[in-house]
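Chemist: The structure under discussion is supplied below as structure tokens; questions concerning it will follow.
Residue numbers (our numbering): 5 to 484.
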């Protein structure tokens, strides 16, 4: 079995095996004509259940054949221009190359003696991102597994900085359309059930600063401690960007930690056209960025950044076998001193490879393209009487619903939109997401693929309308 270990004696076998796998995937990408096959759970489960993991195939080609049957054939392919659902982007080739390198070398980014150059590369990218945000010379941060972890760590730091006598007194303020991880983080941090105060949004789904000011004042009057305000730089459902400068002013007035969840909108940091849409982010105390959403990186690639590096001490613990205190005195950089994780992949390498091959402007151009595409999609929806569109996009998300001309029953419209989404997914012709607005079912395009065109959007809208009309027609037939 030693023949399967990657080392100096098996380098050629490694080359052959990886090449064979890459060729399979490349062939699949080249011939995929729709984002999904429409396979059902009931159809796919028996194939996987029938595999005996205690009986290996002992042959790479045979395993790849099997993988084609249980995964590659029925995977949801984000690179396809009619995958329009969630915050999943197609990935750039330099980042995939970085993924291959980091997996083979297998550095662990917790301590210097496990990563050396990897530690310095990650730190350089953190400094680069902090500079793009404008956090100042004392800024720092660390790569994370994703936005949820980044938000959790940011709120952990805010909790410690708040120095409340009782956790029950702490309050977090976030808009009613902020990410669910804010409430999840509050629970994980031991805060009470009333810890997160939901702030109303305006018609563009942006936090109402007047309402925020009112809640902050009420918090002070009640003798409670405002722990953090979470402003969103690109909400998951709408791509809306909260009024960051005004929120920053209120945070300064009330002495509250300002966290900006820019997991989605961080692509604006590289934008050549729309950088001003996220003005005010430079005044944050902490920021979440997800490179695997709008920098076209493979999952996972995320980071949490802070204005004051000293606040990261709240995540620091020393272990004699790993990062003893003497290393700090010897100025040996250990990333575990900043992270909630211990063992951690060298995910930063993917972004490094991307920047060194494409440059930040190359990333920004791609993100600008999807923002422009969303603007074109909004025009199509606004001009189409079959659809109701919620807000004009700030980023690349469109939320809308099909409205039949001769049906006024709200429940029937809801069911028609739900059916259309499910039928479209089952067909495999396109993949779209869904959400609720004011209790009503809506559909969602999250446009992160520059290869998607307005013609693709128009075609998918026609498919949605066709499925909805079929459902309504069948419902009338059943009723009669």
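Yeah, the Cβ is synthetic: ideal placement off N, Cα and C, and Gly gets one too. From a predicted model like this one, the values you see are computed outputs, not experimental measurements.
Could you check whether the stretch 52 to 61 touches the stretch 426 to 437, counting it as contact only if at least three pairs of C-beta atoms, one from each stretch, sit closer than 8 Å?
Modeler: no
Chemist: Give a yes or no on whether the C-beta atoms belonging to residue 190 and residue 203 are separated by under 8 Å.
Modeler: no
Chemist: Tell me which residues share the same chain as residue 185 and place their Cβ nearer than 6 Å to its Cβ, disregarding the 5 neighbours each side in the sequence.
Modeler: Same-chain partners within the cutoff: 152, 155.
Chemist: In the DSSP assignment, find the alpha helix (DSSP H) that holds residue 1 and state where it starts and stops.
Modeler: In the structure displayed, the chain extends from 5 to 484; residue 1 sits before or after that span and is not available.
Chemist: Considering only residues of the same chain and omitting the five flanking positions on each side of residue 347, which have a CB-CB separation below 7 Å?
Modeler: For residue 347, the CB contacts under 7 Å within the same chain, skipping 5 residues up- and downstream, are 112, 114 in chain order.
Chemist: Determine the direct distance from the alpha carbon of residue 336 to that of residue 371, and round the result to whole angstroms.
Modeler: 37 Å
Chemist: Exposed or buried, what is residue 12 when buried is set at 16 or more other beta-carbons lying within 10 Å of its beta-carbon?
Modeler: exposed
Chemist: Extract the residue ranges of the alpha helix (DSSP H) inside the stretch 269 to 343, only unbroken runs of 4 or more that lie entirely within it.
Modeler: 295 to 298, 330 to 333
Chemist: Please classify residue 330: is it buried, with 16 or more other beta-carbons within 10 angstroms of its beta-carbon, or exposed?
Modeler: exposed
Chemist: Contact check, residue 396 vs residue 358 under 8 Å by CB: the rounded distance?
Modeler: Incorrect: roughly 30 Å between the Cβ atoms, too far for contact.
Chemist: Starting from residue 370, trace the alpha helix (DSSP H) both ways and give me its first and last residue.
Modeler: 364 to 386
Chemist: Exposed or buried, which one is residue 334 when buried takes at least 16 other CB atoms within 10 Å?
Modeler: exposed
Chemist: Go to residue 191, then tell me how far its beta strand (DSSP E) extends in each direction, as first and last residue.
Modeler: Here residue 191 belongs to no beta strand (DSSP E); instead the alpha helix (DSSP H) covers 185 to 192.
Chemist: Would residue 450 pass as a contact of residue 91 if the rule is Cβ separation under 8 Å?
Modeler: Here residue 450 is near residue 91, since their CB atoms are less than 8 Å apart.
Chemist: Here's the rule I'm using: 16 or more other beta-carbon atoms within 10 Å means buried, otherwise exposed. How should residue 62 be labelled?
Modeler: A residue is called buried once 16 or more other Cβ atoms fall within 10 Å of its Cβ, and residue 62, having fewer, is exposed.
Chemist: If you reduce the DSSP assignment to three classes, tell me which class residue 226 lands in.
Modeler: Residue 226 falls in the coil class under three-state DSSP.
Chemist: Answer yes if the stretch 412 to 422 comes into contact with the stretch 433 to 452, meaning at least three C-beta pairs across the two stretches below 8 Å, and no otherwise.
Modeler: Pairwise C-beta distances place the stretch 433 to 452 in contact with the stretch 412 to 422, as three or more of them are shorter than 8 Å.
Chemist: List the DSSP bridge partners of residue 175.
Modeler: Checking the DSSP bridge columns, you'll see residue 175 partnered with 230.
Chemist: Looking at the structure shown, is residue 145 part of a helix, part of a strand, or coil, going by DSSP?
Modeler: Under the three-state reduction of DSSP output, residue 145 falls in the strand class.
Chemist: Under the DSSP definition of a beta bridge, which residues are partnered with residue 81?
Modeler: Looking at the DSSP assignment, residue 81 forms no beta bridge with any residue, so it has no partner.
Chemist: If you draw a straight line from the C-alpha of residue 255 to the C-alpha of residue 233, how long is it?
Modeler: 7 Å
Chemist: With H, G and I counted as helix, E and B as strand and the rest as coil, what does DSSP make of residue 404?
Modeler: In the structure shown, residue 404 sits in a strand (DSSP, three-state: E or B).
Chemist: What residue range is occupied by the uninterrupted alpha helix (DSSP H) comprising residue 159?
Modeler: 151 to 166
Chemist: Tell me whether residue 202 sits in a helix, a strand or coil according to DSSP, three-state version.
Modeler: strand
Chemist: Please determine if the stretch 81 to 90 and the stretch 30 to 41 are in contact, where contact requires at least 3 C-beta pairs separated by less than 8 Å.
Modeler: yes
Chemist: Given this structure, state the Cα-to-Cα distance separating residue 484 from residue 94, to the nearest angstrom.
Modeler: In this prediction, residue 484 has a pLDDT of 48, which is less than 50 and means its spatial position is unreliable; what the coordinates show is noted afterwards. So the alpha carbons of these two residues sit roughly 47 Å apart.
Chemist: Flag this pair as yes or no: are the beta carbons of residue 238 and residue 269 separated by less than 8 Å?
Modeler: Yes, the Cβ-Cβ distance between residue 238 and residue 269 is below 8 Å.
Chemist: Which residue marks the beginning of the alpha helix (DSSP H) containing residue 53, and which one marks its end?
Modeler: Per DSSP, residue 53 belongs to the alpha helix (DSSP H) from 45 to 53.
Chemist: Is residue 485 helix, strand or coil when you go by DSSP?
Modeler: The chain is shown from 5 up to 484; residue 485 falls before or after that span and cannot be answered.
Chemist: Please tell me whether residue 292 and residue 266 are closer than 8 Å, where the distance is taken between their beta carbons.
Modeler: yes
Chemist: Which runs of the beta strand (DSSP E) spanning at least 3 residues fall entirely within the stretch 407 to 467, listed in chain order?
Modeler: 435 to 441, 444 to 450
Chemist: Measuring CB to CB, does residue 244 end up less than 8 Å from residue 207?
Modeler: No, Cβ-Cβ distance for residue 244 and residue 207 is not below 8 Å.
Chemist: Three or more beta-carbon pairs under 8 Å between the stretch 308 to 327 and the stretch 71 to 81, yes or no?
Modeler: no
Chemist: With DSSP as the reference, please indicate the residues paired to residue 236 in a beta bridge.
Modeler: Beta-bridge annotation (DSSP): residue 236 is paired with 265.
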